[in-house]
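Protein chains: 2
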Amino acid sequence: MKRIAESSVRRLSLYLRYLEGFAARGHLTVSSEELATSGGTTSAQVRKDLSSFGSFGTRGLGYTVPELMTQLREILGVGRDWRVVIVGAGKIGAALAQYHGFRQHGFHVVGIFDANKTRVGQLLEGIKIRDTAHFERDVRTLKPHIGIMTVPAEAAQPTAHKLVKAGVRAILNFAPANLQVPDGVTVRNVNMASELEVLTYSLVHQEHEKHE
Amino acid sequence: MKRIAESSVRRLSLYLRYLEGFAARGHLTVSSEELATSGGTTSAQVRKDLSSFGSFGTRGLGYTVPELMTQLREILGVGRDWRVVIVGAGKIGAALAQYHGFRQHGFHVVGIFDANKTRVGQLLEGIKIRDTAHFERDVRTLKPHIGIMTVPAEAAQPTAHKLVKAGVRAILNFAPANLQVPDGVTVRNVNMASELEVLTYSLVHQEHEKHE
DNA sequence: CGTAGCTTGTGAACGATTTCACAAGCCACG
DNA sequence: CGTGGCTTGTGAAATCGTTCACAAGCTACG
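Going down the list, the sequences are from chains H and U.
When we follow this note's numbering, the leftmost residue of the first sequence carries the number 1, and every step to the right adds one.
When we follow this note's numbering, the leftmost residue of the second sequence carries the number 1001, and every step to the right adds one.
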């Protein structure tokens, strides 16, 4: 199978989200055009994205909603039981721990860590916040597939290093730092400040764009 | 000025983040190479990104840290007083409202809304959660620049519509929905489920990649 | 004041992604 | 069972973003 662009994977995930909507509304089939309109893209794009993985549609008819959902779940690995640890139990970390959407999508929080002694021992969604004193050993025991990091920038690289050493191969990083990880480890960065700055950039430059 | 790629703007924001680090460590100048290493990109990329907006460096020397920070802040619109409303005071909305990083970057939460009557009237960071009954009127009064939406998928499009009608031109959307907005309105989507699914995709497909 | 050594700024080449356009194929209906 | 209408799957073209490579230009130092 040829390499798939990350942007394509991101869209596959969105298609799955929209298919859930179509299924809820009782649609049995859906065309690439309908999926494209939901997702703000084009029908050719939808077909290209799907065609990398096989031929799931029927010409003249479109895609069978439940079948395409099954295929996308398979491709994305949705529905397996994914074990997640959260490192950093601050505002964002705590909110994520309590976010029920995770559970609904098969993500299972198996551990929460914090370096702040005042938080250690408190319960979040029935899970006791652990000290980072034995971080690597504890992570090894918990065997998570995914690590979510909501730690300060300066703690980000050391934390990532320990997660990787303990066997984690996928990291969702909320810290404003570029993590260096070995091959075979995937990192996704979510940076609130940058998201907002892209918006303020557009606000500042919008009036200029009009004059072109 | 020619159109700037969104990926470039995103990187400018990261450069600013890393410059803050260099400044804190007392660096007076920084080369495109050093910035590139921090940001996981290449020096040519850094120079290209900056060159769209002017010549900020000195050949043979690099960039003056405080000067480049000033320029980037100017370009991105950082440091102005940006007024923000948060719509949806659930787990994520509440965490964002309490997130102090916003305040530090000049983002000022001026209003919080929720449709759930049990939450209305409660205080978050000293701001009373408002009913959505008079949403559009209230937003007009608050005059926010940015709307952050943490509402359920089905409420997303109507909420966006009302925000736009009330004059908001930039939306940070956490709902899993593709918002239709008129020209001149910028939307950025943050979708936790999709971020995680990109990670699970990589976990599922990593072993395959090895065999190529 | 001249030269050596760096680092920027930027066209041009390259690579990746998106869009186009159309043949292939399926369904429905007469 | 044949035809019309619709939608997929996919090479080819176009667009967009990144990397290369080097001339231009500044600083430092003798």
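Beta carbons are placed, not taken as given, at the ideal position from N, Cα and C, and that holds for glycine.
Keep in mind it's a predicted model, so treat the numbers as computed, not measured.
Worksheet entry | Under 9 Å from the C-beta of H:N116: neighbouring residues of chain U | Correct list: empty, because the minimum Cβ distance to chain U is about 15 Å.
| Relative to the alpha-carbon of U:R1119, which residue among U:R1137, U:V1087, U:L1142, U:T1141 has its alpha-carbon at the smallest distance? | U:V1087
**Q.** DSSP state of H:T42 mapped onto helix, strand, coil
**A.** Three-state DSSP puts H:T42 in coil, outside helix and strand.
* Asked: Is there a Cβ from chain H that is less than 8 Å from the Cβ of U:I1086?
  -> no
Short CB-CB distance (under 8 Å) between U:N1173 and chain H | no
Inter-residue Cα distance where the pair is U:G1040 and U:N1189: Going from the Cα of U:G1040 to the Cα of U:N1189 covers about 23 Å.
- Start and end of the beta strand (DSSP E) containing U:I1146? 1146-1149
Please list the partners that U:Q1098 has in chain H, where partner means a Cβ-to-Cβ separation under 7 Å.
-> K91
Checking contacts by CB at 8 Å: is U:P1152 closer than that to chain H? no
Practice prompt. Can you say whether H:A170 is buried or exposed, counting buried as having 16 or more other CB atoms within 10 angstroms of its CB?
Written response: buried
Strictly under 8 Å for the Cβ-Cβ distance: is U:F1056 near chain H by that measure?
no
Can you tell me which of the three DSSP states U:F1135 falls into?
Helix, per DSSP.
Regarding H:I112 and the ligand HEM, is the C-beta to nearest heavy atom distance less than 7 Å? Looking at this structure, you won't find the ligand HEM or any other ligand, since it has none at all.
Can you give, in chain order, each stretch of the beta strand (DSSP E) that sits fully within the region 47-122 of chain H and has at least 3 residues? 62-64, 82-87, 107-114
Nonlocal neighbours in the same chain, by C-beta distance under 7 Å from U:F1022, ignoring five residues either side
V1030, V1065
When you compare the CB of H:E125 with every CB in chain U, is at least one pair closer than 8 Å? Residue contact check for H:E125 against chain U: no CB pair falls below 8 Å.
- Message: Using the Cβ count rule (16 or more neighbours within 10 Å means buried), how would you classify H:P144?
- Response: buried
Exercise. Looking at the C-beta of H:G111, does it have a partner C-beta in chain U at a distance below 8 Å?
Worked result: no
Could you give the DSSP three-state label for U:V1187: helix, strand or coil?
In the three-state reduction of the DSSP assignment, U:V1187 falls in the strand class, which pools E and B.
When you compare the CB positions of H:L124 and H:A89, do they come within less than 8 Å of one another, or not?
yes
task: Could you name the residues of the same chain whose beta carbon sits closer than 7 Å to that of U:K1128, not counting the 5 residues immediately before and after it, in chain order?
output: G1121
query = How about U:E1195: is its C-beta nearer than 8 Å to some C-beta of chain H?
reply = Yes, because at least one Cβ of chain H sits closer than 8 Å to the Cβ of U:E1195.
Check: From H:L72 to H:L16, what distance separates their C-alpha atoms?
Finding: 6 Å
(message) What does the alpha-carbon distance come out to for the pair H:V85 and U:L1199?
(response) 14 Å
Just checking: is the beta-carbon of U:Q1045 within a distance shorter than 8 Å of some beta-carbon in chain H? no
*asked:* Taking 8 Å as the threshold (C-beta atoms), are U:K1117 and U:F1135 in contact?
replied: By the CB criterion at 8 Å, U:F1135 and U:K1117 fall outside the cutoff.
- Task: Reducing DSSP to helix, strand and coil, say where U:A1166 ends up.
- Result: coil
Residue range of the unbroken alpha helix (DSSP H) whose run includes H:L28: Careful: H:L28 lies outside any alpha helix (DSSP H) and carries neither H nor E.
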